[in-house]
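Novice: Before I ask anything, here is the structure I am working with.
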Amino acid sequence: MKIHEAEARQLLADAGLAVPDASTATTPAGARAAAERLFSGGAAQVVIKAQVLVGGRGKAGGVKLAATPQEAEQVAAGILALEIKGLPVRRVLIAPAATILREIYLAALIDRSSRGVLLMASAAGGMEIEEVAAKSPEAIVRVVAHPHAGLLPYQARQLGFGIGLSGELLKQFCVIAAGLVRIARSSDADLVEVNPLAVVPAPELPGGERLVCLDAKVTLDDSALDRHPELAAWRDADSEDPIDREAREQGIAYIRLDGSIGCMVNGAGLAMTTLDLVTQAGGSPANFLDIGGGARSEKVAAAMRIILADPGVKAILVNIFGGITRGDEVAKGLIAARDQQDRVVPMVVRIVGTNAKEAAELLTAGGFETAASLDEAAEKAVALAGAGGAAR
Amino acid sequence: MKIHEAEARQLLADAGLAVPDASTATTPAGARAAAERLFSGGAAQVVIKAQVLVGGRGKAGGVKLAATPQEAEQVAAGILALEIKGLPVRRVLIAPAATILREIYLAALIDRSSRGVLLMASAAGGMEIEEVAAKSPEAIVRVVAHPHAGLLPYQARQLGFGIGLSGELLKQFCVIAAGLVRIARSSDADLVEVNPLAVVPAPELPGGERLVCLDAKVTLDDSALDRHPELAAWRDADSEDPIDREAREQGIAYIRLDGSIGCMVNGAGLAMTTLDLVTQAGGSPANFLDIGGGARSEKVAAAMRIILADPGVKAILVNIFGGITRGDEVAKGLIAARDQQDRVVPMVVRIVGTNAKEAAELLTAGGFETAASLDEAAEKAVALAGAGGAAR
Amino acid sequence: MSILVNADTRLLVQGLTGREGGFHAAQMAAYGTQIIAGVTPGRGGERALNDTTPVFNTVAEAVSATGANASCIFVPAAGAADAIAEAAAAGVKTIFCITEGIPVHDMVGALAIVQRHGARLIGPNCPGATSPSAANSGVKVGIIPASIHLPGDVGVVSRSGTLTYEAVQSMTDAGIGQSTCLGIGGDPIIGTTFRDALELFAADAATRAIVLIGEIGGSAEEEAAAWAGDNLKHLPRVAFIAGRAAPEGRRMGHAGAIVSGASGRASDKISALEAAGFKVALSPTELPRLLREAGYAPRS
Amino acid sequence: MSILVNADTRLLVQGLTGREGGFHAAQMAAYGTQIIAGVTPGRGGERALNDTTPVFNTVAEAVSATGANASCIFVPAAGAADAIAEAAAAGVKTIFCITEGIPVHDMVGALAIVQRHGARLIGPNCPGATSPSAANSGVKVGIIPASIHLPGDVGVVSRSGTLTYEAVQSMTDAGIGQSTCLGIGGDPIIGTTFRDALELFAADAATRAIVLIGEIGGSAEEEAAAWAGDNLKHLPRVAFIAGRAAPEGRRMGHAGAIVSGASGRASDKISALEAAGFKVALSPTELPRLLREAGYAPRS
């Protein structure tokens, strides 16, 4: 689960890291009030940032400066009227604009290869890390945190020296790096990214510079949300599609796509394969949908509702390989679902494995179109979707 | 550093463990007031416990029950008048008396052999663990906590099942066992012991029983006190001998003994050996004293003051094997110390190793009695102490 | 003979008294697996599987009483990482974790404990492994349906569940049997990787060809291909990668299946595997034909 | 030839730019030890030891630039456990920690990391090790004064500092030289135990007799004796235990030196050592005589 910058900053601040004071607002007037507080607190300029769960908001005009409360209100009004990559902007963050001397990239993330929490740092902050990785991979310094003890002090120093820091900045960097790992572990986050981690003037300190976290991106592990109700409450239900929410609540993995063939499959790998074969057969899948293992007939009916809620669906392909899941349960669910449906679309069903024979009898009795192999099912589905099978 | 039961209970309570509410008092009237609070809170009886940093206070009359506030005042007066193993009782703890169904022993301690935090549990609580170890060693269940992750849930279960717990009590036990390890790690404690961990009636719970920590013993790691100022503040300066305090503040390891020969040595092992050889030569050491490595002349003078503060000292043996420590520095310190001294006692000095020659010249010029070998030094010291060399 | 599970496997089932654990343990036993103990904290002293199998409170007790050398874990997600650590600390050397939805940070810790004790974890969120055997009864650990297997000499390794069944069924239908069929699980952090599995198959005299079934996300297929290019030249090898049609940035069901930026794409995996001498199928049904084209022929 | 330190030792000094580190590194170099690098965070790029030795910010850099294979740590107590972990993680296999006063829980963690990386720690709070050598220059790591040593073939292992010097001096005075003289440290949690040291000496062809110098507290001497009784029969062996006169329950300077209840008493240790064939001295000065009585004769 992705959380907004505002909440990610709060996690950092709660961990004692240097994050500039900021507020959020859902209205231009609110943004003005927030800006007034910051200006009276000594800010020379404020930055107003769209809170949306997609990247690239800067290029989309979602991040702007303002020099007065009035300007902040106008700028916020503009941003709150935006839609960025299809997502409406419902909230903005208002923070003092910093004088940035240099930008650093720093992130703690779950890493598959090392099977641990990987710290990545680069002196080339501000840009996307993928860009740095492509242009100058040697500029990225990596350290894997200790699996139980977190980031050890020597590891933090290795990272900091690795990107050329020293003295007071190095010390601050080490505190922040260890803090990111602590946040990742205590919040069960897959990713805690600070970009930019900015070097700003600090005349009061030896060296005259300090580090502040100017942006933060945090992705939480869905499997661990149960034990963090306070974080789960941050789910942005407003920006979640109602159908996506139903799927989540039913324990169904559902991703809407742009095509016309609705797919219902058990197992993520098989579901991806089904999409691949539909595409290969010249069709265009309307969704990824995994009903999971051992699904009962009620879940099958829910999956059907979810698929049909997409008006683009012109045909449905059901592909079940029974293992834990019993084929006859799925067949019963399909029959029940069809009876409840308002909208009728052609359907091809392929059920093999556990209780496939019982399923076949039920389906034949119910007049369903069936298929023996996955390839055949994909071809039939494409044919059923007809001319509408191409991308909408 | 040992801390009192009252503070140990606070550490447990702060960690969220079940510890009965208690107060401390330094006067009988204070004890009465504390008891009044507990009686009005529903206690049927209260227990009044001497707060002293030695074992065996129960047998010494330092733990007593009272059924009324008046009785609590009288009992507290009696206990506050006690001296237990030479230590005056300056404070008592007043807690509700529990109805104990069974007693369990549980401790987390630094274990040399496994080089980790060892958990020890026994269904035979209430007695000293050494006694259980001697009588029925099989009754003690041991588990070594993970070096970084603390006590893992399965380890806590192993301990609990191992002493015959199940159901609700097992769950509570697991929480407490993990809590002791957490306290040991977060407070840098060498030992966190709960004895008894009592099973008491709890009609409100399934099973009708629950666990409470009725006594607690915690020893903190002296080497880590610097990073726990809040715990270091618990040092019982009142019950610390002023000479012990001076030694501690000077970084000198000093233990007063009962004999007549004061010893000044560099290195703990060599200091113990010096005591052994003095004893073997028929003498009786007045102290263990290790001036540490690299000691300068000021520290030597401080050590001399500390030794001479003991009126039982009739002779002094100085034994220095120079490595980091320079022999001439020690010799200078001895000369300076002698000049400042009120009391003159005979002294034998043996300095070998780094700068021994320079030291010998200084000592000879100063008219000190010297010795070549440790054995010779011990014999000379015993002779110098004369008839007074036997135990006082 | 096979990898990971065989006639010497003395299996304990953690969570044997649960619904899932009990059901699949019965299936395993029916296939021929020796199930010699169960562990459910608080149920020690009971017997399960029609009164044939003792249940213990702790894995340590179970191992010391029965000599179990492998474990299959059906413990709910909140306790599964602890169950893995318990098995490893008790000296179990081969640990299958079927449970899905284990928090990933729990797995980081559990895997470090597994390594510390010199054990091997398969999974989590994996279907297990089956070694069908013509000579005696086969052995299966986990939840792969018994019906899809045929004794043989092709090693199958896969990140997914039902897709594996699909692939194995198509092999069996074509008369191509398996030495061992292994599901390594679809989570980002898993105990045994594709490369680990290939190393095991390479050292197994009974395995004469390899089928690798991967999917988008991560770079485990690329890492396995890099190793196989140098070390697996002696074996015919084919592969299938699911997710060619998957959009970027969306997690396709499996926590591990996501294309992020330039990494995890099906096309890169397919290129890497082809460069390492794998023939890559466009559908699981093509695998039998490609195996033959790669030079594999079932023993008659 | 010796144990732990020898002519192949390529030493890095953590804390080389500090007062203690600099002083003792110069002493070591003068004795013949190859000091090839120093590490002090923030001082990378400087040179130390009269401009002969490069200083690095991290151990990893130092190892990769110089091929150091051993480290000697003079870092203050608050950072010493981290320095140990850093050395182990950078691939240094033999790590001496001289620092005293390291919090014991820090050591629990550091030792686990040392073990995880397959390294060996000696200490902390130890004087180090010296391998005097007649053939070429000797090697010493740590703070043992060079002057007390004589090349020879008696292995010395001890928990204490100056007591060791006392014992070694008495041997040297009597014409008995040392293969290696090792101080394992007086803390409760240490990396290399008496038993570990005896195992190393037993495997060292150049060691023909053993001197063990123990003290009250813990049971490391008993554990070493139990092993030696079965495995050290071929070597003459003598011991000394400090603390016969120590009272119960008081910590005698060393954090590890305390008699608690029935454990840690000198008498038990002496009995255990005698049962394992050690001759036990009443004073360090008796060690040379007892060595000879145990059948040891210096090679002429």
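So the protein lines, in turn, are chains A, B, C and D. Under our numbering, the first sequence has 122 at position 113, and the numbering climbs by one with no breaks. Under our numbering, the second sequence has 136 at position 127, and the numbering climbs by one with no breaks. Under our numbering, the third sequence has 83 at position 63, and the numbering climbs by one with no breaks. Under our numbering, the fourth sequence has 130 at position 110, and the numbering climbs by one with no breaks. Using N, Cα and C, we set each Cβ at its ideal position, and we do this for glycine too.
Would you say Ala158 of chain A reaches chain B, if we count a Cβ-Cβ gap shorter than 8 Å as a contact?
Specialist: By this cut-off, Ala158 of chain A is an interface position.
Novice: Taking the C-alpha atoms as reference points, what is the distance between Lys58 of chain B and Ile316 of chain B?
Specialist: Going by the C-alpha atoms only, they are around 35 Å apart.
Novice: I'd like to know if Pro61 of chain D contacts chain A, where contact means its C-beta is closer than 8 Å to some C-beta of that chain.
Specialist: Closer than 8 Å to some Cβ of chain A, the Cβ of Pro61 of chain D qualifies, so yes.
Novice: Does any CB atom of chain C fall closer than 8 Å to the CB of Phe182 of chain B?
Specialist: Not an interface residue.
Novice: Counting contacts by CB-CB distance shorter than 8 Å, is Ile264 of chain B in contact with chain D?
Specialist: Answer yes: the Cβ-Cβ gap between Ile264 of chain B and chain D drops below 8 Å somewhere.
Novice: Just reading off the beta strand (DSSP E) that Gly384 of chain C is part of, what are its end residues?
Specialist: It is not possible to answer for residue 384 of chain C, since the shown part of chain C is limited to 21 through 320.
Novice: Taking 7 Å as the line, does the beta carbon of Val84 of chain A fall inside it for any heavy atom of the ligand COA?
Specialist: Absent from the structure shown: the ligand COA. Ligands present: none.
Novice: DSSP three-state label for Ile12 of chain B, please.
Specialist: Strand.
Novice: How many Å lie between Gln289 of chain A and Ala292 of chain C at the Cα?
Specialist: So the alpha carbons of these two residues sit roughly 21 Å apart.
Novice: Measure from the C-beta of Pro215 of chain B to each C-beta in chain C and report whether the shortest distance is under 8 Å.
Specialist: No, because no Cβ of chain C sits closer than 8 Å to the Cβ of Pro215 of chain B.
Novice: Name the one or two DSSP bridge partners that Phe221 of chain C has.
Specialist: Looking at the DSSP assignment, Phe221 of chain C forms no beta bridge with any residue, so it has no partner.
Novice: Any contact between the region 127–142 of chain A and the region 196–210 of chain A? By contact I mean 3 or more CB pairs, one from each, below 8 Å.
Specialist: The region 127–142 of chain A, when compared against the region 196–210 of chain A, does touch it at the 8 Å Cβ threshold.
Novice: Using a Cβ-Cβ cut-off of less than 7 Å, give me the residues of the region 176–207 of chain B that come near chain D, in sequence order.
Specialist: Those residues of the region 176–207 of chain B that come within reach of chain D (Cβ to Cβ, closer than 7 Å) are Arg194, Asp197, Asp199.
Novice: In chain A, which residues lie less than 9 Å from Asn89 of chain D when you measure between Cβ atoms?
Specialist: Within chain A, no residue comes near Asn89 of chain D; the closest Cβ sits about 19 Å away, beyond 9 Å.
Novice: What residues in the region 264–290 of chain A have a beta carbon less than 7 Å from any beta carbon of chain C?
Specialist: Taking 7 Å as the Cβ-Cβ cut-off against chain C, the residues of the region 264–290 of chain A that qualify are Ile264, Leu266, Asn275, Gly276, Ala277, Gly278, Leu279, Ala280, Met281, Thr282, Leu284, Asp285, Leu286, Thr288, Gln289.
Novice: At a cut of 8 Å, does the region 155–166 of chain B reach the region 97–116 of chain C through at least three beta carbon pairs?
Specialist: Yes: the two stretches touch, three or more of their Cβ pairs being nearer than 8 Å.
Novice: Verify whether the separation of the beta carbon atoms of Glu239 of chain A and Leu214 of chain A is less than 8 Å.
Specialist: It is not a contact, given that the beta carbons lie outside the stated cut-off.
Novice: According to DSSP, which residues form a beta bridge with Ile88 of chain A?
Specialist: According to DSSP, Ile88 of chain A bridges with nothing at all.
Novice: Among the residues of its own chain, which have a CB less than 8 Å from the CB of Ile192 of chain A, if the five just before and after it don't count?
Specialist: The answer, listed in chain order, is Leu20, Leu21, Ala24, Ala117, Ala198, Val201, Val227.
Novice: Which residue's Cα is closest to the Cα of Val358 of chain A: A:Lys323, A:Arg352, A:Val339, A:Ser145?
Specialist: For Val358 of chain A, the nearest C-alpha among the options comes from A:Val339.
Novice: Looking only at its chain, what residues have a beta carbon closer than 7 Å to the beta carbon of Ala400 of chain A, apart from the 5 residues adjacent to it on each side?
Specialist: Residue confidence is low: Ala400 of chain A scores 43 on pLDDT, short of 50, so the model does not pin down where it sits. Its coordinate-derived value is still stated next. Answer for Ala400 of chain A: Asp267, Gly268, Ser293, listed in chain order.
Novice: So is Asp253 of chain A in contact with chain C if we call contact Cβ pairs under 8 Å?
Specialist: No, Asp253 of chain A lies away from the interface with chain C (no Cβ there is under 8 Å from its Cβ).
Novice: Nearest-angstrom Cα distance between Gln34 of chain C and Ile93 of chain C?
Specialist: Approximately 5 Å, taken between the alpha carbons.
Novice: Quick one: is Ala45 of chain C buried, meaning 16 or more other Cβ sit within 10 Å of its Cβ, or exposed?
Specialist: Buried, because 16 or more other Cβ atoms sit within 10 Å of the Cβ of Ala45 of chain C.
Novice: What span of residues does the beta strand (DSSP E) with Val56 of chain A cover, start to end?
Specialist: Unbroken beta strand (DSSP E) run through Val56 of chain A: 55–59.
Novice: In whole angstroms, give me the CA-to-CA distance for Pro146 of chain B and Phe297 of chain B.
Specialist: So the alpha carbons of these two residues sit roughly 34 Å apart.
Novice: Count the C-beta pairs between the region 299–308 of chain B and the region 331–338 of chain B that are closer than 8 Å, then say yes if the count reaches three, no if not.
Specialist: Counting Cβ pairs under 8 Å, three or more are found: they touch.
Novice: Taking only beta carbons into account, state which residues of the region 102–121 of chain D come closer than 8 Å to chain A, listed in chain order.
Specialist: Correct list: Asp102, Ala103, Ala105, Glu106, Ala109.
Novice: Cutting at 7 Å between CB atoms, please list the residues of its own chain near Ile163 of chain D, excluding the five before and the five after it.
Specialist: So the qualifying residues of the chain are His44, Ile118, Pro147, Gly148.
Novice: Contact between the region 54–69 of chain A and the region 110–125 of chain A: three or more CB pairs below 8 Å?
Specialist: Short answer: they don't touch.
Novice: Are the beta-carbon atoms of Leu286 of chain A and Met10 of chain A separated by less than 8 Å?
Specialist: It is not a contact, given that the beta carbons lie outside the stated cut-off.
Novice: What is the DSSP secondary structure of Ala400 of chain A, counted as helix, strand or coil?
Specialist: In this prediction, Ala400 of chain A has a pLDDT of 43, which is less than 50 and means its spatial position is unreliable; nothing more can be read from the coordinates.
Novice: Bridge partners for Asn296 of chain B per DSSP, in chain order?
Specialist: DSSP output for Asn296 of chain B lists B:Arg265 as bridge partner(s).
Novice: Kindly list the residues whose CB is nearer than 6 Å to the CB of Thr305 of chain C, restricted to its own chain and excluding five residues on each side of it in sequence; keep chain order.
Specialist: Cβ neighbours of Thr305 of chain C beyond the five flanking positions: Ser190.
Novice: Report back the beta-carbon spacing between Arg151 of chain B and Leu174 of chain B to the nearest angstrom; my notes put them in contact at under 8 Å.
Specialist: The pair is not a contact, with the Cβ atoms about 16 Å apart (cut-off 8 Å).
Novice: Quick one: residues in its chain with C-beta nearer than 8 Å to the C-beta of Gly297 of chain D, no 5 flanking neighbours on either side, listed in chain order?
Specialist: The residues are Ala248, Gly249, Leu252, Lys253, Arg257.
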